[in-house]
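Down below is the structure, laid out as structure tokens.
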Ligand SMILES: Cc1cc2nc3c(=O)[nH]c(=O)nc-3n(C[C@H](O)[C@H](O)[C@H](O)COP(=O)(O)OP(=O)(O)OC[C@H]3O[C@@H](n4cnc5c(N)ncnc54)[C@H](O)[C@@H]3O)c2cc1C
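In my numbering, the protein residues as written are 421 to 941.
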């Protein structure tokens, strides 16, 4: 006799409820009234199917959770509803044929380790090893290898998903380019929580993981920065990716320009301006570092100081600056390059902290910065406002293999022309800091996109010829204030109308919804 599916149900009386009702961002649920009435933990697809049927048949609203790293309240704000939690459904299978199946509850760290150890493969996904495949991959999934290998959704060959038909019955589907291709496309980037519960992602082919990568981490002292120098610094960074960064031999270079406010917490030496880089040549090795050095040569005039990340000092890492003539090498490249096996580098720095209240925003840029943008960023980073504390602006290199136009048509990621992706983040602890922190972030972001570089109808947003809107996986409910918010996330072409049709067809009763889900009409 097969054992009947038995998901674990944690209700309000259960001591685990207070822990499990919330995800990574402690702002949600904002009140007890917004909290779900139960969390249903599903071990596999069968349990998820049975649990979904029970929840829907009893008239409860289901929200879906995998890794719990949603930026907004899409999962935890579910008044008296049920959170279907897939975090225990976490297998990563590699078949002899090389086909791969990733369950939604697998954390990226599990995925990287399993794929690498079993088959030497990887997905070009995010940096945080606690983020769940379920939300991450359905929203695009990008990271340090994306310039080299594109987005994770670009590699998916089929998806197993549970949808609900007009009569309220669960339908178990496997969608692909030949079966329900419209739903397949929509699930490759439109974001989770829109159409049904994804129970696995399948890949017929995946890229080989690099053998090793080289990393550099440099800081640029705030004390030395003037507004003019800062503007030149940002423009230099953007220029590289707008020009040289378009060449395929540079696609193995991924960089993050990290900016935290000059006056951040004085107890922690104030804020930081830094560039971290990971590099390998397209064949996944580090014998030729000329592209990496070419990139950093552009920053010599900004007087970088070397910071040796202590986590890099593992037995498996080595400093490669001084291979031949140490003095001559050091004079040419006044920083250390650390080479490490790719898996070590990938797992070393991927913690997500947690236990914080947080807010995030994003922007795709097709060109380097304008002086006006630099000036707005300068102003906010020099703020003495207490609400500037805890904020970070991360400017990631982008493009490369992501910018393959065909993928814009067979996935639900429209942004295929950008060279940088910006992420605003802010972390704090106390509820009474919410209003100030949220306002600071909103003002900062809005001011960067206000001015003559943005068309009048899109003021305050990264829309217009220089931009490609925002990233759905960096969900930002502030954008709902703009009537064109769907175009910010899904582009101005035919993608959003297409997603609306998919929504009408596969979720006719709008069972799967949140403040930023696809509207049927
Ligand atoms: C610390 C941190 C680092 C990050 N780094 C990166 C990065 O490097 N690159 C990047 O691209 N993104 C990154 N992100 C963003 C991340 O990809 C998204 O927040 C993602 O949606 C989280 O997925 P999750 O499963 O962990 O979250 P969840 O909160 O579980 O889910 C997020 C959304 O997906 C839906 N969903 C979850 N599981 C399923 C499922 N099985 N079926 C259908 N819908 C589902 C949820 O309903 C919700 O709407 C990061 C986020 C954090 C917090």
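From the three backbone atoms N, C-alpha and C, an ideal C-beta is built for every residue, glycine too.
Source: prediction; values computed, not measured.
Using 6 Å as the cut-off, classify the Cβ of residue i as near or not near the heavy atoms of ligand 1, replying yes or no.
| i | result |
| --- | --- |
| residue 559 | yes |
| residue 842 | no |
| residue 490 | yes |
| residue 562 | yes |
| residue 618 | yes |
| residue 810 | no |
| residue 484 | yes |
| residue 822 | no |
| residue 444 | yes |
| residue 506 | yes |
| residue 554 | yes |
| residue 495 | yes |
| residue 462 | no |
| residue 551 | yes |
| residue 498 | no |
| residue 889 | no |
| residue 547 | yes |
| residue 906 | no |
| residue 929 | no |
| residue 449 | no |
| residue 775 | no |
| residue 871 | no |
| residue 524 | yes |
| residue 613 | yes |
| residue 624 | no |
| residue 487 | yes |
Can you tell me whether residue i is buried or exposed, with buried defined as 16 or more other CB within 10 angstroms of its CB?
| i | result |
| --- | --- |
| residue 819 | buried |
| residue 524 | buried |
| residue 649 | exposed |
| residue 929 | exposed |
| residue 645 | buried |
| residue 710 | exposed |
| residue 630 | buried |
| residue 625 | exposed |
| residue 586 | exposed |
| residue 591 | exposed |
| residue 429 | exposed |
| residue 900 | exposed |
| residue 721 | exposed |
| residue 885 | exposed |
| residue 851 | exposed |
| residue 620 | buried |
| residue 744 | Since pLDDT at residue 744 reaches only 48, below the 50 mark, its modelled position is unreliable, and the value read off the structure follows with that caveat. Result: exposed. |
| residue 440 | buried |
| residue 707 | exposed |
| residue 443 | buried |
| residue 389 | With the chain represented from 421 up to 941, any question about residue 389 goes unanswered, as that position is not in the structure. |
| residue 941 | exposed |
Based on Cα-Cα distance, which residue from the options lies nearest to residue i?
| i | options | result |
| --- | --- | --- |
| residue 679 | 933, 517, 816 and 890 | 816 |
| residue 483 | 460, 466 and 576 | 460 |
| residue 466 | 582, 499, 537 and 713 | 582 |
| residue 577 | 594, 590, 778 and 516 | 594 |
| residue 515 | 759, 534, 527 and 660 | 534 |
| residue 642 | 430, 725 and 448 | 725 |
| residue 920 | 897, 840, 723 and 615 | 615 |
| residue 579 | 462, 904 and 553 | 553 |
| residue 853 | 864, 777, 914 and 839 | 777 |
| residue 824 | 442, 574 and 538 | 574 |
| residue 832 | 691, 754, 762 and 922 | 922 |
| residue 858 | 905, 806, 764 and 543 | 806 |
| residue 782 | 881, 700 and 860 | 881 |
| residue 692 | 683, 925 and 508 | 683 |
| residue 822 | 784, 716 and 598 | 784 |
| residue 984 | 840, 704, 473 and 431 | The structure shown does not extend to residue 984, since the chain spans only 421 to 941, so no value can be given for it. |
| residue 664 | 655, 505 and 715 | 715 |
| residue 509 | 800, 566, 788 and 464 | 464 |
| residue 712 | 723, 705 and 697 | 697 |
| residue 511 | 941, 486 and 504 | 486 |
| message | Is it the case that the segment 834-845 contacts the segment 803-815, given that we only count it when at least three CB pairs across the two stretches are under 8 Å? | response | Three or more pairs of CB atoms, one per stretch, sit closer than 8 Å, so the segment 803-815 contacts the segment 834-845.
| said: Taking 8 Å as the cut-off, does the segment 605-620 touch the segment 554-571 (at least 3 CB pairs, one atom from each stretch)? | reply: Touching, yes.
| query | Quick one: any contact between the segment 445-456 and the segment 493-500, if contact means 3 or more CB pairs under 8 Å? | reply | Touching, per the Cβ criterion.
| Do the segment 861-873 and the segment 749-764 meet, that is, are 3 or more Cβ pairs less than 8 Å apart? | Per the Cβ contact rule, the segment 861-873 is not in contact with the segment 749-764 (fewer than 3 Cβ pairs under 8 Å).
| query | So does the segment 791-810 actually touch the segment 890-901, counting three or more Cβ pairs closer than 8 Å? | reply | The segment 791-810, when compared against the segment 890-901, does not touch it at the 8 Å Cβ threshold.
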